[in-house]
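Working notes, structure below.
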Amino acid sequence: MNDIQLPPIDYAALLPMLIVFGLACVGILAEAFVPRKHRFAVQATLTLAALIAGLVTVIINRDLEVTTIGGAVTIDGAGLFLQGIILVLGIVAFGLIAERRLERGGAFVANAAHAADSDGDKKQLNEAGATEIFPLTLFAIAGMMLFCVSGDLLTMFVALEVFSLPLYLMCGLARRRRLLSQESALKYFLLGAFASAFFLYGVALIYGYAGSVQLVAIKQSVLDSDKSGVLLAAGLALLAIGLLFKAAAVPFHVWTPDVYQGAPTPITALMAACVKAAAFGGLLRVFNVAFETTSWDWRPVITAVAMATMIVGSILAVTQTDIKRLLAYSSIANAGYLLVGVVSLGGAVGSSMFYLVAYGFSVLAAFGMVTLVRDADGEATHLSRWAGLGKGSPLFSAMFTIIMLGFAGIPLTSGFSSKFALFSSAWDANQSALVIVGVLSSVVLAFPYLKVVVLLWLNPPGDETPTVSVPGYLTRAVVGVGVLATIVLGVAPSWLLDMVNSAGTFLAK
Amino acid sequence: MDGYLGSYATLGILLLVAGAFFAVAYTANRLLRTNAPSAAKSTTYECGLDPAGGDWAQAQIRYYVYAFLYALFAVESVFLFPWATVFDALGMITVAEMGVFVAVLALGLLYAWRKGVLSWTTA
Amino acid sequence: MTVTDVLVCALGAVSLGAAIRVVTTNQIVRAGLWLVVALGALAGVYLVLTAELLAWVQVLIYVGAVVVLMLFAVMLTRAPIGRSDDLDRPRLPAILVGGGAGLGLAAVLADAYRWSYIGLSGVEPGNAEALGREVFTGWALPFEVLSVLLLAALVGAIAISRPEVGERREES
């Protein structure tokens, strides 16, 4: 019996994830034992410390390239960069989650179990929000980090669940509009569970084909297996459905607008920035490592999905009247652009990661500013309420304009440089049809953004134009960082482009 | 009947016998009993009192949390069986692995206890 | 036809029939109980195919805990215990989607394996020891992460459903 050996474990490689997971567990402990009065401060500090420590260890690990713990984790340049993106965007999103100055007690409800609009629910409007969100956020972020570096599909599945489950829960914790929030949590949970089942079934079929769930072993067996290709294709299709659901690609996008609208805005921001990065990190890894050699098999399908995602996302964004739904459809369209990077494989990994950074910062700033436009009922998200904000709040409106122009892809913003980098690497990979659809759809998509800009500056303010709250320092920092990144990555993108290109691609051996 | 399936033959036969016993008992009951149904007989029996209210009470959420705890620790115990068979061979390292697993879950129990989920009535 | 073939087919038929009853019955509680039959028969299939531990895990977790959890969840609602005729259940699309997916997957599997035959006699049974060796060596990381997933689920479930009673006691 002594022939059984544990696989070697490279603790240094796992350290960033261990730190975040570990401090999340400490957060649970704090939740249980720290007196209510100090809980918020302790939790917020712990969370920020965990994210920063994780980021520092990722940076220290930057040249590491290793497959460890029995192939469950593959640390490589691209994986580390994705982990870094998730942590940086997580730190920024943390600013929104921890903000308690805009609204008494923060954006989260104290006791979610009260029926919406019941007496108990009304009474808790001014109570401090639940602090469980901090450890839950850490669990989600740690899960995303693991998702991006999973070396096999089972680890990937567990990681998928680890980051999804806290998000389902946090969607239901909005302080205002409880019914909408509960609906979004339920929808996200049911559809997400369904997508997980697809993912798992896909894993089973691929295991039947390859006899292994490790990505590199799947790649090998694709080359020399005598089994039916139908099995592989069916498995890959089901696996892709599970992943595309998280990435919010058409036709698996239906949850996105409702969930983005109903969830507490800080959580929406976290989903739009970090989950997008994690989902595309997983997609890029799976397709680049395990299925690169069968690209003739899946490329037409994913190309069609990418085109549908770009077109549907941008056209439906035009018709939206709620800013959160508009940003949701815009995130669907952006998922389409990122899928162009997935289809283009190897050469586009770097520019896809650049796109994730650029989009993540802009979208965090956008949702950060959505939290600032408020009236007595909380955030005023209907676009008609935003008319004429430029008169009373020029600074706010100018910042929001920059973000909107960035999304629209105007030169000198990160939206332009990231789209340019992505589309040119797709062009080099002979995906000209996708590039054409991408450029055309981004022209369509520019329309709703510019509509918002016109609304802000040129429309007369209504009688009930809400106020723009003076932001607390956290939201101020988030919005500032997001706007700054949108400009810097637009004016001087070369340093980050160099960084993503030198980060290298996924380790496939 | 030998080999792998043979080792489960006793269980299979027992299941068959149990099923047969059930069928025979109920058939005998049906054949032998008198049959005179009435409305009073099919009302709910509440210790001799007339039943009041409907037949469905909405349960409290705490039952659910208990059921959830049960499911959680059922999952944990399931991993204990394979662990018990191998930790002798693999040594301290699996003890550490299981220790971490149990400790993390114990953390959840600790949290539940501090939140007062485990006490049935308010103190 | 070996004994194994007969048993797998019989248990599979039971599982399929019970599963159909789960989605066609008009009584929600009975749907939960039919689920016990469907999952139990599936456990039998696992057992016949020498996945011993998996079979008992199925009984313990799914037939035991998960169905209990589902029944408790039903009891939380105001659903009636008897027949509900207003269950919102579009039959035709459900049959098309469910039947289509089932037949499609069956066709894929049948096509992939055709008549290939794997004897069970030479296969090492999937008992506790074999699984333990796998879980505690090669799959150590997913195993540990699983505990974190369970913890997150527990904390989340308590956070969204916290009975007020406990909360007051804690503050005192």
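Protein chains in written order, with our numbering: chain Z, 641 to 1149; chain H, 18 to 140; chain B, 12 to 183. Note that the Cβ used here is the ideal one computed from N, Cα and C, for glycine as well. All values reported here derive from a predicted model rather than from experimental measurement.
Asked                                                                                                                                                                                                            : Found
Which same chain residues end up closer than 7 angstroms to Asn642 of chain Z when comparing Cβ atoms and leaving out the 5 residues on each side of it in sequence?                                             : Its pLDDT being 47, under 50, Asn642 of chain Z is placed unreliably by the model, and the measurement read from it follows with that caveat. Answer for Asn642 of chain Z: no residue qualifies.
Rounded to the nearest angstrom, how far is the Cβ of Ala918 of chain Z from that of Ile726 of chain Z, given a contact under 8 angstroms?                                                                       : 6 angstroms
With 7 angstroms set as the bound, which would you pick, yes or no: does the beta-carbon of Gly869 of chain Z sit closer than that to a beta-carbon of chain B?                                                  : no
What number of angstroms, rounded off, separates the C-alpha of Leu50 of chain B from the C-alpha of Leu60 of chain B?                                                                                           : 15 angstroms
Just verifying my parser: in three-state terms, what is the DSSP assignment at Arg1161 of chain Z?                                                                                                               : As shown, chain Z starts at 641 and ends at 1149. That puts residue 1161 of chain Z outside it, with no answer to give.
To be precise: take each residue of the segment 37-62 of chain B, compare its Cβ to all Cβ atoms of chain H, and keep it if any distance is under 9 angstroms. Which residues remain?                            : Leu58, Val59, Thr61
Quick check on DSSP: helix, strand or coil for Ala140 of chain H?                                                                                                                                                : Summary for Ala140 of chain H: the model assigns pLDDT 46, below 50, so the residue's position carries little reliability; its value from the coordinates is reported in the next sentence. In the structure shown, Ala140 of chain H sits in coil (DSSP, three-state: anything other than H, G, I, E or B).
Output yes if chain B places a C-beta closer than 7 angstroms to the C-beta of Val853 of chain Z; else output no.                                                                                                : no
When DSSP builds the beta bridges, which residues end up paired with Leu66 of chain H?                                                                                                                           : H:Glu63
Judging by CA-CA distance, which residue of B:Val25, B:Ala141, B:Gly130 is the nearest neighbour of Val14 of chain B?                                                                                            : B:Gly130
Can you tell me where the beta strand (DSSP E) holding Arg744 of chain Z begins and where it ends?                                                                                                               : That residue, Arg744 of chain Z, is in no beta strand (DSSP E); it is neither H nor E in DSSP.
Can you grab the Cα-Cα spacing for the pair Ile1127 of chain Z / Val802 of chain Z, in whole Å?                                                                                                                  : 34 angstroms
Give every residue of the same chain whose Cβ lies closer than 6 angstroms to the Cβ of Ala1086 of chain Z, excluding the five residues on either side of it in the sequence, and list them in chain order.      : Ala1048
Are Leu871 of chain Z and Ala123 of chain B closer than 7 angstroms when you measure CB to CB?                                                                                                                   : yes
How big is the Cα-Cα spacing for Phe96 of chain H and Ala113 of chain H?                                                                                                                                         : 14 angstroms
Please go through the same chain and pick out, in chain order, the residues whose beta-carbon is closer than 6 angstroms to the beta-carbon of Ala799 of chain Z, but skip the five residues on each side of it. : Gly783, Leu786, Phe787, Ser790
Can you give the Cα-Cα distance for Val41 of chain H and Leu32 of chain H, rounded to whole angstroms?                                                                                                           : 14 angstroms
Expressed to the nearest angstrom, what Euclidean distance is found between the alpha-carbon atoms of Leu152 of chain B and Asp16 of chain B?                                                                    : 37 angstroms
To test your reading of the DSSP string, which unbroken alpha helix (DSSP H) runs of 4 or more residues are found completely within the segment 1030-1101 of chain Z?                                            : 1034-1048, 1054-1068, 1072-1097
Can you check which of these residues, Z:Ala850, Z:Lys867, Z:Gly869, Z:Met657, is closest to Gln860 of chain Z by C-alpha distance?                                                                              : Z:Ala850
If we count the other Cβ atoms within 10 Å of its Cβ and call it buried at 16 or more, is Met18 of chain H buried or exposed?                                                                                    : Here Met18 of chain H scores only 49 on pLDDT, less than 50, and its place in the model is too uncertain to base an answer on.
Does the distance from the CB of Ser991 of chain Z to the CB of Leu1080 of chain Z come in under 7 angstroms?                                                                                                    : no
Could you work out which residues of chain B lie near Val34 of chain H, taking near to mean beta carbons separated by less than 8 angstroms?                                                                     : Those within 8 angstroms of Val34 of chain H in chain B number zero; the least Cβ separation is about 17 angstroms.
Kindly indicate which three-state DSSP category Ser970 of chain Z falls into: helix, strand or coil?                                                                                                             : helix
May I ask which residues mark the beginning and end of the beta strand (DSSP E) holding Asp1015 of chain Z?                                                                                                      : 1013-1015
Is Pro806 of chain Z near Ala664 of chain Z, with beta carbons less than 7 angstroms apart?                                                                                                                      : no
Please state whether the Cβ-Cβ distance between Ser26 of chain B and Ala52 of chain B is less than 7 angstroms.                                                                                                  : yes
Could you give the distance in angstroms between the alpha-carbon of Gly167 of chain B and the alpha-carbon of Ile668 of chain Z?                                                                                : 11 angstroms
Per DSSP, His1022 of chain Z forms a beta bridge with which residues?                                                                                                                                            : Z:Asp962
With a CB to CB cut of under 6 angstroms and the five nearest residues on each side skipped, what residues in its chain are close to Leu122 of chain H?                                                          : Glu93
CA-CA distance, Val728 of chain Z and Leu695 of chain Z?                                                                                                                                                         : 7 angstroms
Kindly give me the distance between the Cβ atoms of Leu1136 of chain Z and Val997 of chain Z, rounded to whole angstroms, as I take these residues to be in contact under 8 angstroms.                           : 7 angstroms
Taking one C-beta from the segment 1004-1019 of chain Z and one from the segment 1071-1078 of chain Z each time, how about it: are there three or more such pairs within less than 8 angstroms?                  : no
Under 8 angstroms between beta-carbons, which chain B residues line up against Val798 of chain Z? List them in chain order, please.                                                                              : Pro153, Val156, Leu157, Leu160
Would you give the residue range spanned by the alpha helix (DSSP H) that Val862 of chain Z belongs to?                                                                                                          : 855-864
By Cβ distance, which residues of its chain are closer than 8 angstroms to Leu862 of chain Z, with the 5 residues on each side in sequence left out?                                                             : Inspection of the sequence shows that residue 862 of chain Z is occupied by Val rather than by Leu. Within the same chain, Val862 of chain Z has close Cβ partners Ala850, Leu872, Ala930, Phe931, Thr933, Thr934.
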